[in-house]
Amino acid sequence: MAYLLPTRRDSNKRNNPVIIGITTTLNEADGFQRVNVEYINRVAATGAVPILLTPIAGGAEANREHARHVIELVDGLLITGGGDVHPRYYVPDPAKNRDALGLDDLAAMGCGSSSHCRSTGAKVPFCGHYVPDRTFEEAMDGTSAVETVESLDGRDVLSATGRPPIPCLDGLLAVCEDRDGFELELARLAHERSLPTLGICRGMQVMNVALGGSLYRDLYNCGVTEKQHRQNPPYYGISHKVTIAKGSLLESVVSASGDFEVNSMHHQGVDHVAPALLVAARSEDRVVEAVEDPAKPFFLGVQWHPEYLDRHHGLFNALAAAAHHRDARSS
203 MAYLLPTRRD SNKRNNPVII GITTTLNEAD GFQRVNVEYI NRVAATGAVP ILLTPIAGGA
263 EANREHARHV IELVDGLLIT GGGDVHPRYY VPDPAKNRDA LGLDDLAAMG CGSSSHCRST
323 GAKVPFCGHY VPDRTFEEAM DGTSAVETVE SLDGRDVLSA TGRPPIPCLD GLLAVCEDRD
383 GFELELARLA HERSLPTLGI CRGMQVMNVA LGGSLYRDLY NCGVTEKQHR QNPPYYGISH
443 KVTIAKGSLL ESVVSASGDF EVNSMHHQGV DHVAPALLVA ARSEDRVVEA VEDPAKPFFL
503 GVQWHPEYLD RHHGLFNALA AAAHHRDARS S
């Protein structure tokens, strides 16, 4: 694939506004690329220039190459919400991924704990082993998470048993492998290059998977929570509260500590947190609501949709500011 792309490296770059790339959804049914205008408006309101980064029809590998080129155009990255990430990117054994992980295949793998799929009633392995999150204090001290049997909402589950996490079987919604390949590579490259990155909803999940984490395929069907995390419109309303980790980047960006009100439009969630990331917020039912890498200037993902909430627009300002700072240093 040949590319003729403009370069961002020119003598007048310091006087130019920063460019924030915004990912889009490729609708394979009608061939249209789509993006919520709220993302564009929020980025433009910061003074940055929003441009759309679109996957191409051609498969995951073609989109990984595509990502390696287009990331050169931007000073910051916004990975948007949308459909589900395909399980093949976070299941422990791709050989078991026949027909998007059939019941018989996974049941044969075994697990330290078991449950029942809520919709089919079939006995299935638990959705992964609960490993306690490193706190920000532990991360700064270089210590690791305690590896013991923990109780999560009254249910004892094994933590570090040596077995890989196993995703729940039911609840997968629409997937787009072109978009998956494109965004996972964008997230990996952005992290590698310390490119300021904000992930929203699916975008946060993409960041986690790109760095080696895993997802719950469906929070309810996996038995993670009884609460509904997909609110009905309008999305400008509040769904629930999250608790923000003290000392986190998120705490400083939103100028809030402790409980913080958010909206909610997801059914999947983070299971195993990628090694490079820390949990920056959780909901009252212990669902991961934000992750970040404290070793990077700005690599932050949130599970809610801040583009709809006035109080949350500081996240976009912080992304643009981090992009501007990086841009100035590279000039």
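The sequence shown begins at 203 in the numbering used here and counts up by one. Heads up, the beta-carbon is just placed ideally off N, CA and C, and yes, glycines get one too.
CB contact flag (residue i, residue j, <8 Å)
{"i": "R484", "j": "V490", "result": "yes"}
{"i": "D380", "j": "L228", "result": "yes"}
{"i": "P496", "j": "L452", "result": "no"}
{"i": "A376", "j": "D286", "result": "yes"}
{"i": "E463", "j": "A269", "result": "no"}
{"i": "E509", "j": "E263", "result": "no"}
{"i": "L511", "j": "V456", "result": "no"}
{"i": "G284", "j": "H507", "result": "no"}
{"i": "A522", "j": "A250", "result": "yes"}
{"i": "Y291", "j": "V411", "result": "yes"}
{"i": "D420", "j": "Q470", "result": "yes"}
{"i": "S524", "j": "F500", "result": "According to the sequence as given, residue 524 is Ala; it is not Ser. Contact flag set, yes."}
Collapsed DSSP secondary structure at residue i in the structure displayed
{"i": "G405", "result": "helix"}
{"i": "P252", "result": "strand"}
{"i": "G383", "result": "helix"}
{"i": "F518", "result": "helix"}
{"i": "A324", "result": "Because A324 sits at a pLDDT of 40, beneath the cut-off of 50, its placement in the model cannot be relied upon, and the point is left open."}
{"i": "R419", "result": "coil"}
{"i": "R528", "result": "helix"}
{"i": "A376", "result": "coil"}
{"i": "E463", "result": "strand"}
{"i": "L452", "result": "helix"}
{"i": "D487", "result": "coil"}
{"i": "V359", "result": "Bear in mind that a pLDDT of 27 at V359, under 50, signals an unreliable position, so the number given afterwards is only what the model happens to contain. Strand, per DSSP."}
{"i": "L388", "result": "helix"}
{"i": "E494", "result": "strand"}
{"i": "R395", "result": "coil"}
{"i": "L280", "result": "strand"}
{"i": "H442", "result": "strand"}
{"i": "V481", "result": "strand"}
{"i": "I273", "result": "helix"}
{"i": "I222", "result": "strand"}
Selected residue, minimal CA-CA separation from residue i, among the options
{"i": "A520", "options": "V464, T399, G405", "result": "T399"}
{"i": "E394", "options": "R404, C403, L413", "result": "L413"}
{"i": "A389", "options": "R531, N265, G260, Y241", "result": "N265"}
{"i": "L502", "options": "R531, L397, Y292", "result": "L397"}
{"i": "R488", "options": "L517, I446, P436", "result": "I446"}
{"i": "M409", "options": "R531, V504, P499, F518", "result": "V504"}
{"i": "N238", "options": "Q470, I402, G249", "result": "I402"}
{"i": "C378", "options": "A530, R528, N217, E230", "result": "E230"}
{"i": "L255", "options": "A246, T248, I273", "result": "I273"}
{"i": "R236", "options": "H271, I253, N465", "result": "I253"}
{"i": "F234", "options": "Q407, P257, A247, R531", "result": "P257"}
{"i": "R513", "options": "V293, Y438, G261", "result": "Y438"}
{"i": "T248", "options": "E267, P289, H526", "result": "H526"}
{"i": "H271", "options": "P289, S532, S454, E385", "result": "E385"}
Spatial distance of residue i from residue j (CA atoms)
{"i": "H515", "j": "N243", "result": "11 Å"}
{"i": "S416", "j": "G383", "result": "16 Å"}
{"i": "I281", "j": "G405", "result": "5 Å"}
{"i": "Y418", "j": "V475", "result": "11 Å"}
{"i": "T226", "j": "D461", "result": "31 Å"}
{"i": "V444", "j": "E486", "result": "6 Å"}
{"i": "G449", "j": "D232", "result": "45 Å"}
{"i": "S466", "j": "I440", "result": "8 Å"}
{"i": "H442", "j": "Q407", "result": "19 Å"}
{"i": "H331", "j": "N217", "result": "In this prediction, H331 has a pLDDT of 30, which is less than 50 and means its spatial position is unreliable; what the coordinates show is noted afterwards. Taking the straight line joining both Cα atoms gives about 50 Å."}
Checklist entry - Looking at C-beta atoms only, is the number of pairs between the segment 219–235 and the segment 272–286 that lie closer than 8 Å three or more? => result Yes, they touch.
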